[in-house]
Amino acid sequence: MNLHFLYRNAKGETKHYEVANWVEAGYYVSGFCLAARALRTFRKDRVIEYLRGGYALLAEPYMPAPPKIARARTSGFDRNLPQITFTGFAQEHRSDLERRAGVAGLRVVQSVTQSLTFLCTGPNAGPKKVAKARDQRVYILTEWQLSALLETGELPDDYWD
């Protein structure tokens, strides 16, 4: 069943969205947005109203804003940091993205682990890696979304407008 809701994006614009093949993951709902014709992630705290009984489909329909990612203040290994891995990028570009993610306070790992939080996909992303990450309810990001996340500490929700 598709999920219908009224949503206020970061710009303050309110729109109706219909999302198919959706997955609930903590502070977010991810799925295929019919308006954008692409996979999108929506923050639950920005949902104004679930339509057509959508709130009943979710385990936790109303959530507070997600915590912002804290900038790294110390060096060294910390298993409590959110984990990220990259797929589909040329090695030099991937190294730069990994460096930026590490500076921003994310722990870079080399594969889809059980504790993975984010998968950043490039133009040559492997479908098996993406499918495994999706099965584990990992947040799948484009490079643009990653840049916004690293800059603001939030997953963007309005870049397709």
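All the letters of the sequence shown, read from the start, carry residue numbers 1 to 161 under the UniProt record's numbering. A virtual CB, placed ideally from N, CA and C, is assigned to each residue, including glycine.
Beta-carbon proximity check, residue i vs residue j, cutoff 7 angstroms
i, j, result
"Leu106", "Pro82", "yes"
"Gly53", "Phe5", "no"
"residue 179", "Val112", "The structure shown does not extend to residue 179, since the chain spans only 1 to 161, so no value can be given for it."
"Phe86", "Arg94", "yes"
"Pro127", "Gly88", "no"
Extent of the continuous alpha helix (DSSP H) to which residue i belongs
i, result
"Gly102", "91-103"
"Arg8", "Counting along the chain, Arg8 falls outside any alpha helix (DSSP H), though it belongs to the beta strand (DSSP E) covering 3-8."
"Arg134", "127-135"
Cβ neighbours of residue i in the same chain (closer than 7 angstroms, five flanking residues each side left out)
i, result
"Arg64", "Residue identity check: residue 64 is Pro in the sequence provided, not Arg. Contacts found: Asp45."
"Glu24", "Leu58, Ala59"
Three-way DSSP call (helix, strand, coil) for residue i in this model
i, result
"Val23", "strand"
"Leu149", "helix"
"Ala38", "strand"
"Lys15", "strand"
Beta-carbon contacts of residue i that lie in its chain and below 8 angstroms, excluding the five residues immediately before and after
i, result
"Tyr28", "Thr41, Phe42, Arg43, Lys44, Pro66, Tyr139, Leu155"
"Thr142", "Cys120, Thr121"
"Glu151", "none"
N-terminal and C-terminal residue of the beta strand (DSSP E) that residue i is part of
i, result
"Glu49", "47-51"
"Gln83", "83-87"
"Gly122", "Here Gly122 belongs to no beta strand (DSSP E), and DSSP marks it neither H nor E."
"Gly31", "28-33"
"Thr142", "139-142"
Close-in-space but distant-in-sequence residues of the same chain around residue i (CB under 6 angstroms, 5 per side omitted)
i, result
"Glu49", "Leu6"
"Val19", "Leu3, Gly31, Cys33"
"Ala101", "Ile84, Val108"
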